[in-house]
Each structure stands twice: as C-alpha cells, then as structure tokens.
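Note sheet for the following structure.
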Amino acid sequence: MPVFEGRDLNSELRARLRNGALTIARGEQPWLEMAICLDESQTTIHCELLSVNRGHAGEAVLAACDALFTQMPSARRLLIAQENLNGLEYLLDEGVFVRSDDGALLCEAEQLWQYAPLWLTKRSHGAYPLKQVMTHGIRHPLRPPKPRGELYRRFIPWLGQTLTLEIIDPDKDLLAFNRWMNSPRVAHFWEEQGDLEQHQAYIERQLIDPHTLPIIGRFDGIPFGYFEIYWAKEDRIAPFYDVDDYDRGLHLLVGEEAFRGKAFYTAWFSSICHYMFIDDPRTRRIVCEPRHDNQRQIANFDRSGFAKIKHFDFPHKRALLVMLWRERFFSERLYQPLAEAGITFEPSRHQEPTA
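As numbered in this note's numbering, the sequence shown has no gaps in its residue numbers, which increase by one up to the final residue, 1114.
Laid out in structure tokens, this is it:
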C-alpha cells in the first residue's frame, strides 16, 4: 500500500499509511497504530487497534478516520473491532461512531464529515440560539457575532497543501483584493473596479454587515481568492424562492491565475461548501446566483452537485438560481474529487512543520 503522509486538521498530528498499517503521531511520538484492510467492494475499511495513547484516544482515532476516508475515497464506512471504549465514549455521544450489530465501532464517512471540530477553528461548534429579529422589515434569526481570523482548515491530499478560510484583513489583504477586482476577468462579472480607497470602503462594509462573511482563501498561506458567504434570508435573493432561515449563499472569485484549474477548484469549492454546512447544522441548502451567461461557472456548479432551479432578474443582471442540498453533499461525498474530473489521489509526501 502506498505511503500517505499528511497532517490532520488540528495542526498537530501526522498520518502515515503503509503496507496495511496506519500510524498517527505527534512529532516523533506515536499516538495510534492500527492494522487496516479495505474489503473487496472497496466500500468498507476494517480496522484493528494495535496501540493507542489512552490520554488522547479520541483525537488519534478522529485523525485516523480522517486520513483513511481521505486516502480511500471509495470507502463509505469504517469498522473498528473495539469493545472497550477507553476514552472514545464522547465520539458515540456526538454521532461520529455508532455500535454495529456485532459490537464494533462504526464510522460512516457521511457522519464524520459533519463533525465540525475537525475543521472549524476559533469558535464553539454548537448552534447559535434561535431568536427571531427584524431587519428592514425582514424577520430572520439573530446571527452570531462576526468571527475574526481563521475559520476553517483542511489538508488537501491531491495537492499536498493546506487550505484555510480566513476573514479578510484589510491591513494585509487590501492590495491583493484591489488587484483582483481590477483584473479584466474578474471585473467582467463583479463590476467592482476601483482604487484602494474604494476597495477599503467596500471591505469595511462587508465586515460590518451582519449577514455577510467576507473571506480570503489561502493555500499554504498564499492568498488566491475572495468569497462572500451570506445568509440568504436577509439577502436580495430571498424574494425569488422559498427561502429557509438558515440557507446560505455565496459570491466567489479566484484572483490568482496559478490557482485556477480542476485540482484547485475541487479543493477550494468543496471546502467552502463544507464550511457553510458545518458552520451551522441547521443549514440545509446553499444557493448561488451566477450571471446567466457565465457558462464556465455554471458548468462548475453542475459538476459540484448544484441543481438548476430557474432564471430570474435582478436589477443589475439576469441570473440563474442554483442550489445544493446538505443531504446530497454528504451522502454523495461531494467534498472529494469526482472521478470524471480527472483528479486522482496520488499519495502525498508533502511535509509541514509540526505545530
């Protein structure tokens, strides 16, 4: 079996998969060793715990599940022959594992990828309390306070790089944002050309707006794109469909040419959809409204599992409403590359500094 070396998303642990054995380590200290076997159907991973650090059993097992499902994308379920929980009880309580009929611990990929603590940073992972408020005549849930800094972190094995989503910081991101918005390719669709002062004001408006998260995407710390995540209930899109309280929408751009292409697109787009679904478990749908003639973007939405709903007219553009359902995203594992996209899981030998 090929070697897989990557770092799990708590920025501390490394996974190494070779010759039917998986090791999870922090630095030079092994935290877990496990024998693994993928069944003939390529859908179930059978695991036997050989050793585990009892003080960190939950973290180590989560890292193991993450590494195995990532490296074996055909697998839908993982079974650990383990009767004594030994520090894993909370993973049953939180829905990461259930007991199978024969007493083994069963982890479904669909459930693991909804376990927010593996990817979210700097915030609680529970749902914000529901309180209905009125804004400009629109009744909607009170939204959480605006976060700052890094929101999401994910190691991308087919790139050998770590993707992060961060709230935009004008002090370090303004120059890149200004350059991107003034590029002809981006300006054709965004129509937000301007000077530094205008773009500083634009960013500040997004940072103040409680229904929007302005986000910079980075690969290994290098900024490549800008995203606006919004609550659809308070947005201009709401009158055009049967909006739910926790639907989220997205505006997006990739500013750096070096980060365009299928391999990068699959990484960042699946990740930002993943973030929107796990940031609040009540979010069941993601909506987008690309310009009706942006055929490249519409084709990308098609490949990413979005359904075409209808065309409609904003004052400034004719748009196509597209929609992605939570159930489809996780059950069809749309966070992984699609085979028809021509992206393969070559074992990554990318090494990152240990935190």
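Beta carbons: idealized from backbone N, C-alpha and C, even for Gly.
Check: Which one of I927, Q952, I926 has the shortest CA to CA distance from N937?; Outcome: Q952
Check: Expressed to the nearest angstrom, what Euclidean distance is found between the alpha-carbon atoms of E869 and L955?; Outcome: 44 angstroms
Check: Compute the Euclidean distance between the alpha carbons of A991 and S810, then round it to the nearest angstrom.; Outcome: 47 angstroms
Check: What are the partner residues of E799, as DSSP defines its beta bridges?; Outcome: Paired residue(s): none; E799 is not in a bridge.
Check: Would you mind reading off the limits of the alpha helix (DSSP H) that contains W939?; Outcome: 929-940
Check: Could you tell me the distance, in whole angstroms, from the CA atom of E925 to the CA atom of M793?; Outcome: 34 angstroms
Check: Kindly indicate which three-state DSSP category G814 falls into: helix, strand or coil?; Outcome: helix
Check: Quick check on the DSSP output: the alpha helix (DSSP H) that includes Q891 runs from which residue to which?; Outcome: No alpha helix (DSSP H) holds Q891; the beta strand (DSSP E) holding it covers 891-894.
Check: Less than 8 angstroms between the CB atoms is what I'm expecting for L972 and I988, so what's the real figure, rounded?; Outcome: 4 angstroms
Check: Looking only at its own chain, which residues have a Cβ that is under 8 angstroms from the Cβ of F892, when we skip the five neighbours before and after it?; Outcome: It is worth fixing the name first, because residue 892 is Val in this sequence and not Phe. Cβ neighbours of V892 beyond the five flanking positions: R898, H899, P900, L901.
Check: As a quick exercise: from F1073, R858, D979, pick the residue whose alpha carbon is nearest that of W1027.; Outcome: D979
Check: List the endpoints of the continuous beta strand (DSSP E) containing M1035.; Outcome: Here M1035 belongs to no beta strand (DSSP E); instead the alpha helix (DSSP H) covers 1021-1038.
Check: Ignore the nearest five residues each way along the sequence and tell me which others in S859's own chain have a CB closer than 8 angstroms to its CB.; Outcome: L838, L865
Check: Between the alpha carbons of A946 and W872, how many angstroms are there, rounded?; Outcome: 35 angstroms
Check: Am I right that I783 and A822 are in contact with their C-beta atoms under 8 angstroms? What's the rounded C-beta distance?; Outcome: 5 angstroms
Check: How many Å lie between G862 and A875 at the Cα?; Outcome: 26 angstroms
Check: Measuring straight from C-alpha to C-alpha, what distance separates V1013 and G984?; Outcome: 4 angstroms
Check: Start and end of the alpha helix (DSSP H) containing R1085?; Outcome: 1085-1090
Check: Which residues in the same chain have their Cβ closer than 8 angstroms to the Cβ of Y1094, if we skip the five residues on either side of it in sequence?; Outcome: W872, S1029, S1030, C1032, H1033, F1088
Check: Within the same chain, show all residues whose beta-carbon is closer than 8 angstroms to that of A1100, passing over the 5 residues directly before and after it, in chain order.; Outcome: Reliability of the predicted coordinates at A1100 is poor, the pLDDT of 49 falling under 50, and no value is obtained from them.
Check: For Q1095, name the three-state secondary structure that DSSP assigns.; Outcome: coil
Check: Near I996, which residues of its chain fall below 7 angstroms by C-beta distance, leaving aside the five closest residues on each side in sequence?; Outcome: G1008, V1046, E1048
Check: Can you tell me the Cβ-Cβ gap for L1080 and F1071, rounded? I've got them flagged as a contact below 8 angstroms.; Outcome: 6 angstroms
Check: Indicate, with yes or no, if the ligand HEM has a heavy atom lying under 7 angstroms from the CB of A1066.; Outcome: In the structure shown, the ligand HEM is absent, as is every other ligand, since no ligand is present at all.
Check: Starting from C806, follow its DSSP beta bridges and name the residues at the other end.; Outcome: I795, I839
Check: Quick one: Cα of G779 to Cα of P832, how far?; Outcome: 16 angstroms
Check: Along the chain, where does the beta strand (DSSP E) that runs through V1013 open and close?; Outcome: 1007-1013
Check: Is it buried or exposed, A1017, if we count other Cβ atoms within 10 angstroms and call 16 or more buried?; Outcome: exposed
Check: Can you tell which of P903, G919, T923 has its C-alpha closest to the C-alpha of E909?; Outcome: T923
Check: My assumption, with CB atoms under 8 angstroms, is that D932 sits in contact with I967. Please give the rounded CB distance.; Outcome: In fact, because the Cβ distance is near 16 angstroms, the residues do not count as touching under 8 angstroms.
Check: Return the first residue and the last residue of the alpha helix (DSSP H) that V945 is part of.; Outcome: 943-949
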